[in-house]
Amino acid sequence: MASVSTTANALQQGERPLLVTIVGPTAVGKTTWAIAIAKALGCEIINADSRQIFRGMPIGTAQPTKAERAAVKHHFVDFVDVDDHYSAGQFGTAAANWLSDWFQTHRTAVMVGGSGLYVKAVIEGLDDMPADLTVRQELNDRVRKSGIKSLAAQLETLDPVHARKMDLQNPQRVIRALEVCLCSGKPFSSFHKESVAERNFDVLTLGLEMDRAMLLDRINQRVDAMVQAGIESEARTLHPKAHLNALQTVGYREWFECFDGQCSQIEAIERIKIHTRQFAKRQMTWFKKMENIQWANAFDKAAIQNTVLEACEKRQWQLHAPFDCLD
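Using our numbering, the letters of the sequence shown correspond one by one to residues 205 to 531.
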């Protein structure tokens, strides 16, 4: 067992810092583990979630609560207006810059998230992707007028590799991928770096998983909790901006359909549960294709803690504090 020191996270000359990255499907318990690990290491958390970056969407995106963010400082949460475009490339650059500064004086940081492309952008880097606001607006207009199906079909033609891996029901993702294809004349997938970017830190990636039936039950419970917390009111406030890319996502699309008379409240809630379960499956498909992930059952406290402890002991580092007992 690694010992504890109040100065354990101070970087010493000649050491390579360590980024502990926690990935897995929605509702698996990533935030709880990220906080526990960050406390033990005495560090802060980077949030790698393409939905939790937006302001005004705390319930529907399951942002870390105020209490969780008070327990450990989180970065890249609740900082982008829904009207603004924010790409994985922008996130990767901003997060890498933050880490560069942080690792000047600290040994460790934690990154947590369910957005595979955001995680990849930080760990491996992404090529700069072209943007054209005129093309983006034209694609948005097409979605509003005729729906997402024709754009999804066009993307399948222009970039079948990326289309197979992504959520073709997510207008924001489809529009961005098509925008890149149309602007560059090349597939969106061709902009993903074949070579990993040089980083000045090591990476330990923990993948959290659990029994499928249990995960589905947790997803259903989370959606019910969101309803109790006021997701309908949150979505109604955002309804006038329903056309924005940031809001074309599970948990809001369904409520907008309800407000527009396309389904009942009960049907909207059930659709959110179904779509969230489908989203979790796609997340796992993405992460299972990533290399160098150490997978563990989210309830196996000993396995997860030992993985972190072994990484510290290998470097002869002490913990900042004991691991909190997780219920």
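For each residue, glycine too, the CB sits at the ideal point set by N, CA and C.
Pick from Phe280, Ala275 and Thr269 that is closest to asparagine 251, judged by C-alpha positions:
Here the closest residue by C-alpha is Phe280.
Go through its chain and collect everything with a Cβ distance to tyrosine 456's Cβ below 7 Å, but skip five positions before and after it.
Cβ neighbours of tyrosine 456 within its own chain (closer than 7 Å, five residues either side excluded): Gly264, Ala439 and Leu442.
Could you compute how far the alpha carbon of aspartate 305 sits from the alpha carbon of isoleucine 249?
When rounded, the distance between both Cα atoms is 14 Å.
Where alanine 502 and valine 284 are concerned, what is the direct C-alpha to C-alpha distance, given to the nearest angstrom?
The alpha-carbon atoms of alanine 502 and valine 284 are separated by roughly 30 Å.
Have a look at Lys485, Thr230, Ile435 and Leu448 and flag the residue whose alpha-carbon is nearest the alpha-carbon of cysteine 462.
For cysteine 462, the closest C-alpha among the options Lys485, Thr230, Ile435 and Leu448 is that of Ile435.
Cβ neighbours of methionine 205 in the same chain (closer than 8 Å, five flanking residues each side left out):
Annotation note: pLDDT 46 at methionine 205 (below 50); position unreliable, no value reported.
Please state whether DSSP places isoleucine 497 in a helix, a strand or coil.
In the three-state DSSP reduction, isoleucine 497 falls in the strand class (E or B).
Where the alpha helix (DSSP H) containing methionine 430 begins and where it ends
Element bounds for methionine 430: 416 to 433.
Selection from Gly260, Glu328 and Ala300 that minimises the alpha carbon distance to aspartate 288
Selected option, being the one with the closest Cα: Gly260.
Rounding to the nearest angstrom, what Cα-Cα distance links threonine 361 and serine 319 in this structure?
Rounded to the nearest angstrom, the two C-alpha atoms are 24 Å apart.
Minimum length 3: unbroken beta strand (DSSP E) runs contained in the segment 219 to 287
For the segment 219 to 287, whole beta strand (DSSP E) runs of length 3 or above, ordered along the chain, are 222 to 227 and 249 to 251.
Reduced DSSP category for methionine 315 - H, G, I as helix; E, B as strand; rest coil:
In the three-state reduction of the DSSP assignment, methionine 315 falls in the strand class, which pools E and B.
Distance, glutamate 402 Cα to glycine 293 Cα:
Roughly 16 Å between the two C-alpha positions.
For the alpha helix (DSSP H) containing glutamate 413, list its first residue and its last residue.
Unbroken run through glutamate 413 is the beta strand (DSSP E), 406 to 413; no alpha helix (DSSP H).
According to DSSP, residues forming a beta bridge with histidine 310:
For histidine 310, which the question treats as bridged, DSSP gives the partners Ala214.
What number of angstroms, rounded off, separates the C-alpha of lysine 369 from the C-alpha of proline 391?
C-alpha separation (whole angstroms): 13 Å.
Cβ neighbour criterion (16 or more within 10 Å) applied to lysine 493:
By the Cβ neighbour-count rule, lysine 493 is exposed, with fewer than 16 other Cβ atoms within 10 Å of its own.
Does the separation of the CB atoms of glycine 411 and phenylalanine 491 fall below 7 Å?
In this structure, the beta-carbon distance from glycine 411 to phenylalanine 491 falls below 7 Å.
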